[in-house]
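What follows is a single structure, written as structure tokens, with notes after it.
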Amino acid sequence: KKDLLEDTNIYQVDDGTIFYHEYRHTPQRLYVKWQGMEIEAKYLREISVHGTHGHALFFQSQGKIFKARFTEADGITVSSVRD
């Protein structure tokens, strides 16, 4: 994790993917920069990032834990880990 700006954190997962989390504005943004584009997660409400493990970023939203993973084929996929 590294602070880029006052409102952006970055997280690098094991495969080298870097997730950017802009957290001060509503709606919050979670995205990856890939081939000159910003690929944004479609799911986002207010989130609290817990960290990374393997190739995924883990975060909490509305009392549930989710993981986000980026692939070239699918972009950012978000799935529920625990209610």
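Note that the UniProt record's numbering has the sequence shown beginning at 1, numbered continuously upward.
Where a beta carbon is used, it is the ideal one built from N, C-alpha and C, also for glycine.
May I ask you to report which of helix, strand or coil DSSP gives residue i?
i	result
residue 47	coil
residue 55	coil
residue 78	strand
Under DSSP, the beta strand (DSSP E) around residue i begins and ends at which residues?
i	result
residue 32	29-34
residue 22	18-22
residue 68	64-71
residue 8	8-12
Once you ignore the five residues that flank residue i on each side, which residues in its own chain have a CB closer than 8 Å to its CB?
i	result
residue 63	83
residue 18	10, 11, 12, 32 and 33
Assuming residue i contacts residue j (C-beta within less than 8 Å), just tell me the rounded distance between them.
i	j	result
residue 13	residue 75	About 15 Å; that fails the 8 Å criterion.
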